[in-house]
Structure formats: C-alpha cells, structure tokens
Amino acid sequence: MVAVVPTAARSGASAPVAQRSSKTGYLLLFPGMAWLGVFFAIPFVTLFMTSLQAPVAGSPGKYQFGLEFGNYASAMAEYWPLFLRSFLYAGIATLLALAIAYPLAYFIAFRAGQWRSLMLVLVIAPSFASFLLRTYAWKTILADEGIITSTLNSLHLLPEGRILNTGIAVVAGLTYNFLPFMILPLYAALEKIDPRLMEAAGDLYASPQTAFRKVTWPLSMPGIVAGTLLTFIPASGDYINAALLGSTGNRMIGNAIQINFIQFRDYPTASALSFVLMAAILVLVFTYIRRAGTEDLV
Amino acid sequence: MTDAARAVEDLHLQNLTKRFGDFVAVDDLTLTIPAGSFFALLGASGCGKTTTLRMVAGLEDPTEGSIRIGEKDITGLRAFERPVNTVFQSYALFPHLDIFENVAFGLRRRGIKDVKPAVEQMLDLVELGSLARRKPSQLSGGQQQRVAVARALINEPDVLLLDEPLGALDLKLRRQMQIELKRIQMDVGTTFVHVTHDQEEAMTMADTVAVMNAGRIEQMGHPADIYETPQTVFVANFLGQSNLIDGRRTGTSGEFGVIEAHGLSFMVPSDRCFCSGSDVTLGVRPEKITVLDAVDAEQVPDGHNRLEGRVTDVSYTGVSTQYLIDAPWGQELIVFEQNVVVGDRCSVGDPVILHWAPSHTFGLDPAPGRGAGIDPEVIEAERVNAHLRVRGAED
Numbered sequence: 139m140v141a142v143v144p145t146a147a148r149s150g151a152s153a154p155v156a157q158r159s160s161k162t163g164y165l166l167l168f169p170g171m172a173w174l175g176v177f178f179a180i181p182f183v184t185l186f187m188t189s190l191q192a193p194v195a196g197s198p199g200k201y202q203f204g205l206e207f208g209n210y211a212s213a214m215a216e217y218w219p220l221f222l223r224s225f226l227y228a229g230i231a232t233l234l235a236l237a238i239a240y241p242l243a244y245f246i247a248f249r250a251g252q253w254r255s256l257m258l259v260l261v262i263a264p265s266f267a268s269f270l271l272r273t274y275a276w277k278t279i280l281a282d283e284g285i286i287t288s289t290l291n292s293l294h295l296l297p298e299g300r301i302l303n304t305g306i307a308v309v310a311g312l313t314y315n316f317l318p319f320m321i322l323p324l325y326a327a328l329e330k331i332d333p334r335l336m337e338a339a340g341d342l343y344a345s346p347q348t349a350f351r352k353v354t355w356p357l358s359m360p361g362i363v364a365g366t367l368l369t370f371i372p373a374s375g376d377y378i379n380a381a382l383l384g385s386t387g388n389r390m391i392g393n394a395i396q397i398n399f400i401q402f403r404d405y406p407t408a409s410a411l412s413f414v415l416m417a418a419i420l421v422l423v424f425t426y427i428r429r430a431g432t433e434d435l436v
Numbered sequence: 002m003t004d005a006a007r008a009v010e011d012l013h014l015q016n017l018t019k020r021f022g023d024f025v026a027v028d029d030l031t032l033t034i035p036a037g038s039f040f041a042l043l044g045a046s047g048c049g050k051t052t053t054l055r056m057v058a059g060l061e062d063p064t065e066g067s068i069r070i071g072e073k074d075i076t077g078l079r080a081f082e083r084p085v086n087t088v089f090q091s092y093a094l095f096p097h098l099d100i101f102e103n104v105a106f107g108l109r110r111r112g113i114k115d116v117k118p119a120v121e122q123m124l125d126l127v128e129l130g131s132l133a134r135r136k137p138s139q140l141s142g143g144q145q146q147r148v149a150v151a152r153a154l155i156n157e158p159d160v161l162l163l164d165e166p167l168g169a170l171d172l173k174l175r176r177q178m179q180i181e182l183k184r185i186q187m188d189v190g191t192t193f194v195h196v197t198h199d200q201e202e203a204m205t206m207a208d209t210v211a212v213m214n215a216g217r218i219e220q221m222g223h224p225a226d227i228y229e230t231p232q233t234v235f236v237a238n239f240l241g242q243s244n245l246i247d248g249r250r251t252g253t254s255g256e257f258g259v260i261e262a263h264g265l266s267f268m269v270p271s272d273r274c275f276c277s278g279s280d281v282t283l284g285v286r287p288e289k290i291t292v293l294d295a296v297d298a299e300q301v302p303d304g305h306n307r308l309e310g311r312v313t314d315v316s317y318t319g320v321s322t323q324y325l326i327d328a329p330w331g332q333e334l335i336v337f338e339q340n341v342v343v344g345d346r347c348s349v350g351d352p353v354i355l356h357w358a359p360s361h362t363f364g365l366d367p368a369p370g371r372g373a374g375i376d377p378e379v380i381e382a383e384r385v386n387a388h389l390r391v392r393g394a395e396d
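Protein sequence lines, in the order shown, are assigned to chains F and V.
Here the working numbering runs 138 ahead of the position in the first sequence, where the first position is 1.
Here the working numbering runs 1 ahead of the position in the second sequence, where the first position is 1.
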C-alpha cells in the first residue's frame, strides 16, 4: 500500500508535464519555421519557377509561366567559364585566408594573454564600416600609382604591370573581406583545445612541430571546416569584389547573375544561374565535409 | 616490460630551486629517489610538490640546481627528449584519438613501426584490452585514468611521474586505483614519483614518503616511521592527527628526557626528541592513549605518562570511538579507542585519566601555533563541532 501511493502520485503528476513540454517544443519551433517558410521556402519555389519561364513574344522583359529547361542549357553554355573562375578565385581566397588566419587565431588563442579581447575586437572592427566602402578602399590601395603597385613594379614582380583590374586584385579583395569569417571559427576551435594536451604530447616524445601536426591541427579541424565554408560559400557568390577590383576578364558568376537580373532583365537566365550556383556549392560542401570527416570530431 | 635486467637508475635532484618572481615555489631541494621505488611527494596545495614534478618532467625550467638520472644530467633537456613520462592530473588524453592510438602515441613518435603487440600487452596490463577502439570521452573516469597510466608506461620511462592521478576519482574508485597502481608498479619495477595531497594515499602506496611544506622537505622516510616518529609539528599534524602539549625540558632520567608542562611531568625517549632548545612541544598520537575512568586510577602502569581530564564528546565510529577530553589547563585532547569490548564506554562529563607509554611520546621544536599543518577544513569542522557542543550543553 505504502509503495503504491507514491508511484500513482508520481505517474499522475508526470504525464501532463511531458505533454506540456512537447507542445512547448513545437511552439518554440514555430517562429523559426515560419521565418524559413516565408523567407526561404516560398522564394526558393518562386526562383525555381522563374528559372523555367518563357519570354512573352513581342514584349521584351516580360515572361510567363513555362517549363523551359532549355534556360539552364543556354545559361550554362554562355556562363560556364564564370562558374569555374568563381570557384577558382573563391578557392584561392579561402586558402590564403586560412594561411593568414590560422597563425593569427593561434596567437590570439594561446599567446595573446590579456590582449586577447582587444585583438578579437580588432578582427571584427573593420566590419563596422560598409563592405562596399572597404572594397573601394582597396581600389585606392592597389591603384596603379599607389605605393604597392609602384614598389612591386620597380622590382619587376608584376607580369601585367598592374594589380588593379586583374585577378590578383579580385582574390586580394575576397581574401580581405572574408578573413574575419575564417579567423573567428578558427579561434573558437583553437581556444577550446586544452594546452595541457600539448604538454602531454611533449611528454610523449613529440617535438613542438610534431605536437602541432598530430594534436593541435587535428583538434582544430572543426574550426578549419567551419572557417573555409564560411569563406568559400559567400566568396564564390560575391560580385562586388570582381565588379570594383577586376576587369571584364575577371567577372565572376555573381556578376553574371546581377547583370542578367538588373541590366538585361533576363530573369529566367539569372534564376537558372542562381540555382546552378546553389546546387554546385551544395555538392562541393557535401563532398568536402565527407572528406574532412568532421562528424567524428568532438 | 618484465626484463629486470633493464638498467634502472636513481633520480637525483641537486639544489633544485624554482622562483616565480618573489615567490619561492621550490627551495633548494636536494633529494635522491632510489631506482624502482614508489616515492610519494606529500603536501598541501602550493607546497611546491607539483612544481618539483614539472621540473623533472621538463615542463618547467628550474631557476637553479640540476636533475640527474644516474650519471646523466637531464636539466637542459626539453620535455620530449627526457626518458621520463607523466600521468597528468587531468589525464590529458588526446580526444581525437582512440584508446589504442593514445597508448601508441609515444611509440609512434619514436619511430617504432610495429606498435600492436606492445600496445595490446599494455592495455591488458591495465585491463582495458576490450576498449581499444573507444574514444576517451566514452570511458569512465577510472578507465581514463588507466589509459593515462598505460600511455605513459608503455614508453618504459626511467621514471614515471604521477601528478595527483587519483584526484578526480570518487573515494571508492580511488581506493581501488591505489591498489591497482601499486600492483602495476610492482609488475614493471619502474621508479614511480607520485605527487599527492592525500596522506592516506601516500602512506598506502609509497615505500618512501617526503612531506613537503613551503618548497622544502620537512621529513622523508618510510610511511610508518614518519607517522610514528614525526620530527616537526607540521608533519605531526599533516600526517594523521596529534595531541601536542607545550612544555619545557627540565632534565633527563635514564634514556628519557623529562618535560614539565602545566605542572605535570612527562617522559620522552631521548632518541625521539627532535628539539634544539629547552622549549619543547610534546606529542602523542590519539590511538596511543588509553582512557580510564577516574576511579580506576590504580590501573595506570608504572612509568606511564598520565593526565586527568573530563570527557567533552564521544563519537562512536564503529571500529573505534573518538573521545574529546578537556585537559585541566583547557586544551582539548583527542583519543581513539578501539572498540574491542562491547559496552562500557565513558560518557560526556565523566572524569577520566589518560595514560600512554613514554616510548610513544615524541618531542618537537615548538612551531608558531600548534595548528601548523592541520587541514583548514579540519579546523573548521572542529570549530563547528565545538560550537554545537556548547549549544548542546545549554539546552
């Protein structure tokens, strides 16, 4: 009898609690799902439908419902080199950003001491100025009469004689603009590593170089993956850097989409290009994550 | 592992000193740790024991002094060049590697290709063979601890350093691992240097215990010797409990020194008197004292040290009973009595006679305050108990 009473009381009390908490869960999900529905799912479908529209005969810039899969073929036939260039530029910029960001993030995480917060603020500080403005600033920095270009020219290091309006300028701009997105995840991953693990590696006959290769680098892998994705994805779709710092020979796919939407009013082509870009990035990212094997990491 | 022929050599610390700014963490430490021994550095936090260990491991540079293994000076070698391995307090297992690779880490760094037999043998030694492919995070604290031991031992170091290796485990597991570590040490015969603040752990595991205080070694020797014959007030309090009574040495009677304290006279064997002046702190361990009802005064053996008092507290702990006795001069003394006889215990308020054999007495140089070396938590607990007793008396 004594044993039955508390059991009954407990089950009676716990059942409504469980029900309420599951309802709360759905309620909490609702705003996020609604946001995604209105601002992602619906535009996504609209975009896909636009990419299949057919032109209205006799009135340019007007399109009607259609199933013109040929839009994709013609868009790709015209613009495939821009896709390749986008991924090439974004890839180089990502690698450069990684090479610059890793030592910096490592320093902030392990060596900066009391300067740590200040340095993190300095990493983010440039983002307080507008993206466009900062890219314009690079136009001045890399100008033909500027200090960098003239110095490199006097050393005969520039094959084209200039930096502005070349691929170098575009890649430099991309690297600069997306650098914080590389530094912050790297810092977050490195900061989590227990420095005693490096002591342990040293204790187990690993030289500092080996300890880095076998312990620090693999443990920072989640940060590397996050940082490269956060840099590569927006960089491959970017059009401002190519538009401001490059010439017509350095156009990226973002420029093609922008021109088709705004200048040519060729909405189906622009939509088709956007769709292909999304799909290509998705495939690249999945392959990359598979290869990096981050699901295994803590 | 089992080849006893492997030349193991003594570890020598010579005038080892470590200063952090003005703070002297380790103060001119000279010490020889014999090959193959289980050596414990015992002390409260901040006494310099971990700094000493880190200097031997090569994780901290000594300010002065040298470290040798046999004839080989390793003071200038970096951590990864030393024939020494460490079991870290936090274990510091590599979270991205499985148990097998954690244990194989040291071997691989030394370019050994076929690590499988050695790793498997080592995992069997610590009874973790079946978990080789698990990640450290999937293991319990005790299992992680054994991996840390295996990862260090597989390298057959000249010296294995253990930095509070059992600190993170619960009491039951800690007891079990104490026995386990001792067994492993017997099996492999490597010199173990074990740093701990737990006196019971040091006493059960080590053949030699060094009690450290403020960067220096207070006393070093076999655990039983240190316990039975503490040579400083710090050691008498830090290792177990002691009743310490301040007095003056007034003379000698045969092999005994005579000490006057609070109008009573006590005998201390001359060879257990570690005092330089005539002011002496006399000590006796609580379990060496016998409690008698005041009426049984004639049962006190001839020549025993004795004093009268009144019982202020009785706590029955099963194996023994702990009495707190108020001495005539107001000092509280503690006595443990084995519960060999059922019933017949003194109760609070009883007048009693305490007596003990002079051979169990020791004489020490007085230290500032009899509390040196007492764990602050114990002091706090005593204070609370005293407070409760006063309240109880009022009720």
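Where a beta carbon is used, it is the ideal one built from N, C-alpha and C, also for glycine.
With a threshold of 8 Å between beta carbons, is residue 340/V in contact with chain F? Sequence index remark: in the second sequence, residue 340/V carries index 339 (1-based). No, residue 340/V lies away from the interface with chain F (no Cβ there is under 8 Å from its Cβ).
Can you tell me the Cα-Cα spacing of residue 152/V and residue 344/F, whole angstroms? Here residue 152/V refers to the residue found at position 151 of the second sequence. Here residue 344/F refers to the residue found at position 206 of the first sequence. Going by the C-alpha atoms only, they are around 13 Å apart.
Using only CA atoms, which one of 362/F, 348/F, 408/F and 363/F lies nearest to residue 112/V? Residue 112/V sits at position 111 when you count from the first residue of the second sequence. Nearest of 362/F, 348/F, 408/F and 363/F to residue 112/V, Cα basis: 348/F.
Within its chain, find whatever has a CB closer than 7 Å to the CB of residue 382/F; leave out the 5 residues flanking it on each side and keep chain order. Against the first sequence, residue 382/F aligns to sequence position 244. Closer than 7 Å at Cβ, skipping near neighbours: 273, 274 and 277.
Cβ closer than 8 Å: which chain V residues qualify as neighbours of residue 329/F? Residue numbering aside, residue 329/F sits at position 191 when the first sequence is read from its first letter. Going along chain V, no residue has its Cβ under 8 Å from residue 329/F, so there is no contact; the nearest lies around 15 Å.
Check the Cβ-Cβ distances between residue 110/V and every residue of chain F, and say whether any is below 8 Å. Here the question's residue 110/V lines up with position 109 in the second sequence. Yes, contact with chain F.
Should the stretch 67-82 of chain V be regarded as contacting the stretch 7-20 of chain V, the criterion being three or more beta carbon pairs within less than 8 Å? yes
Are the stretch 23-36 of chain V and the stretch 172-183 of chain V in contact at 8 Å, needing three or more beta carbon pairs? no
Under a three-way DSSP split, which group does residue 30/V fall into? Looking up residue 30/V in the second sequence gives position 29. DSSP places residue 30/V in strand when its eight states are reduced to three.
For residue 147/F, which residues of its own chain have a beta-carbon under 8 Å away from its beta-carbon, when the five flanking residues on both sides are left out? Residue 147/F sits at position 9 when you count from the first residue of the first sequence. Because the pLDDT of residue 147/F is 42, which lies under 50, any placement of that residue in the model is unreliable, and the number read from its coordinates should be weighed accordingly. Hits under 8 Å: none found.
Measure the beta-carbon distance from residue 212/V to residue 44/V and round it to whole angstroms, keeping in mind my assumption that it falls under 8 Å. The residue labelled residue 212/V in the question sits at position 211 within the second sequence. The residue labelled residue 44/V in the question sits at position 43 within the second sequence. Right, the Cβ-Cβ distance comes to about 6 Å (below 8 Å), so this counts as a contact.
Can you have a look at residue 164/F and say buried or exposed, based on whether 16 or more other CB atoms are within 10 angstroms of its CB? Taking the first residue of the first sequence as position 1, residue 164/F is located at position 26. That one is exposed.
Anticipated Cβ contact below 8 Å, residue 239/V with residue 40/V, distance rounded: Counting from 1 along the second sequence, the entry for residue 239/V is found at position 238. Counting from 1 along the second sequence, the entry for residue 40/V is found at position 39. Contact doesn't hold; Cβ gap of about 17 Å is too wide.
From residue 359/V to residue 244/V, what distance separates their C-alpha atoms? Translated into the one-based positions of the second sequence, residue 359/V becomes position 358. Translated into the one-based positions of the second sequence, residue 244/V becomes position 243. Each residue's Cα considered, the two are about 14 Å apart.
Buried or exposed for residue 350/V, going by 16 or more other Cβ atoms inside 10 Å? Position 349 of the second sequence holds residue 350/V. Residue 350/V comes out exposed.
Could you name the residues of the stretch 86-114 of chain V whose beta carbon sits closer than 7 Å to any beta carbon of chain F, in the order they occur along the chain? 86, 87, 89, 91, 93, 95, 96, 97, 106, 107, 110 and 111
Interface residues of the stretch 307-334 of chain F facing chain V [CB-CB below 8 Å]: 332 and 334
Runs of alpha helix (DSSP H) wholly within the stretch 30-72 of chain V (minimum 4 residues, chain order): 50-58
Cα separation between residue 249/V and residue 261/V? For the purposes of this step, residue 249/V is identified with residue 248 of the second sequence, where counting begins at 1. For the purposes of this step, residue 261/V is identified with residue 260 of the second sequence, where counting begins at 1. Spanning the two alpha carbons is a distance of roughly 5 Å.
Residue 12/V by DSSP, collapsed to three states: which one? Here residue 12/V corresponds to residue number 11 of the second sequence, with the count starting at 1. Correct three-state label for residue 12/V: strand.
As a quick exercise: from 203/F, 244/F, 412/F and 232/F, pick the residue whose alpha carbon is nearest that of residue 258/F. On the first sequence, position 120 is the one that residue 258/F refers to. The shortest C-alpha separation from residue 258/F is found at 244/F.
How is the beta strand (DSSP E) around residue 160/V delimited, first residue to last? As a working note, residue 160/V is residue 159 in the second sequence. Looking at the DSSP string, the run of the beta strand (DSSP E) that includes residue 160/V is 160-164.
Using a Cβ distance threshold of 8 Å, determine whether the stretch 318-327 of chain F contacts the stretch 363-376 of chain F, with at least three qualifying pairs required. yes
State yes or no: is the beta carbon of residue 154/V nearer than 8 Å to at least one beta carbon in chain F? Locating residue 154/V in the second sequence gives position 153, where the first residue counts as 1. It does not; no Cβ of chain F falls within 8 Å.
Near residue 426/F, what residues of its chain come up, given a Cβ to Cβ distance below 8 Å and the 5 sequence neighbours on each side ignored? As a working mapping, residue 426/F is identified with position 288 in the first sequence. So the qualifying residues of the chain are 363, 366 and 367.
Neighbourhood of residue 36/V by C-beta, 6 Å cutoff - its chain only, sequence neighbours within 5 removed: Indexing the second sequence from 1 puts residue 36/V at position 35. Correct list, in chain order: 9, 10, 11 and 192.
With distance defined between alpha-carbon atoms, name the residue in 328/V, 339/V, 341/V and 304/V nearest to residue 357/V. The count along the second sequence starts at 1 and reaches residue 357/V at position 356. Comparing Cα positions, the closest option is 304/V.
Whole-angstrom C-beta distance between residue 86/V and residue 158/V, which should lie under 8 Å: Locating residue 158/V in the second sequence gives position 157, where the first residue counts as 1. Locating residue 86/V in the second sequence gives position 85, where the first residue counts as 1. Going by Cβ atoms, the distance from residue 158/V to residue 86/V rounds to 4 Å, so yes, they are a contact pair.
Since I believe residue 160/V is in contact with residue 368/V (beta carbons under 8 Å), could you give me their beta-carbon distance rounded to a whole number of angstroms? Within the second sequence, residue 368/V is the residue found at index 367, counting from 1. Within the second sequence, residue 160/V is the residue found at index 159, counting from 1. That belief does not hold up - the Cβ atoms of residue 368/V and residue 160/V are roughly 33 Å apart, past 8 Å.
Determine whether the Cβ of residue 45/V lies closer than 8 Å to any Cβ atom of chain F. As a first step, residue 45/V is located in the second sequence; it is residue number 44 there, counting from the start. Closer than 8 Å: no.
So, do the stretch 284-300 of chain F and the stretch 48-57 of chain V have three or more beta carbon pairs nearer to each other than 8 Å? no
Euclidean distance between Cα positions of residue 292/V and residue 316/V: For the purposes of this step, residue 292/V is taken as residue 291 along the second sequence, with counting starting at 1. For the purposes of this step, residue 316/V is taken as residue 315 along the second sequence, with counting starting at 1. So the two alpha carbons sit approximately 14 Å from each other.
Kindly give me the distance between the Cβ atoms of residue 258/V and residue 286/V, rounded to whole angstroms, as I take these residues to be in contact under 8 Å. Along the second sequence, read from residue 1 onward, the residue named residue 258/V stands at position 257. Along the second sequence, read from residue 1 onward, the residue named residue 286/V stands at position 285. With a Cβ gap of about 18 Å, residue 258/V and residue 286/V do not count as contacting.
So residue 148/V packs on residue 140/V, CB below 8 Å; how close in whole Å? Start at 1 with the first residue of the second sequence, and residue 148/V comes out as number 147. Start at 1 with the first residue of the second sequence, and residue 140/V comes out as number 139. 7 Å between Cβ atoms; contact.
Is the separation between the beta-carbon of residue 388/F and that of residue 394/F shorter than 8 Å? Here residue 388/F refers to the residue found at position 250 of the first sequence. Here residue 394/F refers to the residue found at position 256 of the first sequence. Their beta carbons are not under 8 Å apart, which means residue 388/F does not touch residue 394/F by this criterion.
Assuming residue 262/F and residue 254/F form a contact by the criterion Cβ under 8 Å, report the distance between their Cβ atoms to the nearest whole angstrom. Along the first sequence, one-based indexing puts residue 262/F at 124. Along the first sequence, one-based indexing puts residue 254/F at 116. 13 Å between Cβ atoms; not a contact.
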